[in-house]
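Chemist: Going by the working numbering, the first residue of the sequence shown is number 6, and it counts up by one from there.
Backbone N, C-alpha and C define an ideal beta-carbon position, used for all residues, glycine too.
From a predicted model like this one, the values you see are computed outputs, not experimental measurements.
Just passing along the structure, written as structure tokens.
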Amino acid sequence: MARQLVRLDSMNAIDILIDAAGRPLEALEATRDRITAENLNAHPAGHDNSIAWLLWHTGREIDAQLAALSGGDEVWSAAGFRQRVGLGELGDGIGYGHTPEQARAVVAQDAQALVDYVEATTEALIEYLGGLSDEDLDDVIDAAYDPPVTRGVRLVSIIDDAAQHIAQVAFVCGMEIPSTRA
6 MARQLVRLDS MNAIDILIDA AGRPLEALEA TRDRITAENL NAHPAGHDNS IAWLLWHTGR
66 EIDAQLAALS GGDEVWSAAG FRQRVGLGEL GDGIGYGHTP EQARAVVAQD AQALVDYVEA
126 TTEALIEYLG GLSDEDLDDV IDAAYDPPVT RGVRLVSIID DAAQHIAQVA FVCGMEIPST
186 RA
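The structure is reproduced here in structure tokens:
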């Protein structure tokens, strides 16, 4: 995904969010060639979250929360990623609160489908951000919290979660994963 650079001397809040939203995808692009069949579903040090889980969750958390903000459809189903990734009903969730067994059940055969899903949801997020004004960021979208959650706070949370999980993918890709094949 080629991103247009924003002039640093004239950035507003939306420009900053657009720039930040694209950063995890840039990190994923730099890591893509190191995602292999051997490490995609591996669980280094016995951790429950594999690269497959991290990629799936990154896409799902962007997608589900963006659909809630925009009132639009999730990319997961609208663009056919549900079928392409092939996780069945488990894939319809977003991964928050997964038990170890549920996290380990996220097993993918096609790393490219997961990478494409993260790309598609990131592009949808950037497109959504481009249609907002700085004033839109102050809209309260969840009054159940004290203080209430604004659109801007939710967007920062979405971007931060994506950045953390893609950084975990990059970390795992840099590790030597012992082969689990016989």
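What's the C-alpha gap between isoleucine 131 and alanine 116?
Modeler: To locate residue 131, count along the sequence shown from 1; it is residue 126. To locate residue 116, count along the sequence shown from 1; it is residue 111. Taking the straight line joining both Cα atoms gives about 23 Å.
Chemist: May I have the straight-line CA-CA distance separating histidine 52 from glycine 27, to the nearest angstrom?
Modeler: Residue mapping note: residue 52 aligns to position 47 of the sequence shown, counting from 1. Residue mapping note: residue 27 aligns to position 22 of the sequence shown, counting from 1. Rounded to the nearest angstrom, the two C-alpha atoms are 27 Å apart.
Chemist: According to the neighbour-count rule (16 or more other Cβ atoms, all chains shown, within 10 Å of its Cβ), is aspartate 68 buried or exposed?
Modeler: Within the sequence shown, numbered from 1, the residue matching residue 68 stands at position 63. With 16 or more other Cβ atoms within 10 Å, it is buried.
Chemist: How would you label methionine 180, buried or exposed, when you count the other beta carbons within 10 angstroms and need 16 or more for buried?
Modeler: What you label residue 180 is simply residue 175 of the sequence shown in a count that begins at 1. That one is exposed.
Chemist: Looking at aspartate 165 and glutamate 66, is the spacing between their C-beta atoms short of 7 Å?
Modeler: Taking the first residue of the sequence shown as 1, we reach residue 66 at position 61. Taking the first residue of the sequence shown as 1, we reach residue 165 at position 160. The answer is no: Cβ separation not under 7 Å.
Chemist: Is the distance from the Cβ of leucine 59 to the Cβ of threonine 127 below 7 Å?
Modeler: The residue labelled residue 59 in the question sits at position 54 within the sequence shown. The residue labelled residue 127 in the question sits at position 122 within the sequence shown. Not a contact, by the Cβ cut-off of 7 Å.
Chemist: Counting only the same chain and skipping the five closest in sequence on each side, list residues whose C-beta sits under 7 Å from that of valine 177.
Modeler: The residue given as residue 177 occupies position 172 in the sequence shown. Counting only Cβ-Cβ distances below 7 Å, and skipping sequence neighbours, we find Asn44, Pro49 and Ile56.
Chemist: What are the start and end residues of the beta strand (DSSP E) that includes valine 145?
Modeler: Within the sequence shown, numbered from 1, the residue matching residue 145 stands at position 140. Looking at the DSSP string, the run of the beta strand (DSSP E) that includes valine 145 is 145 to 147.
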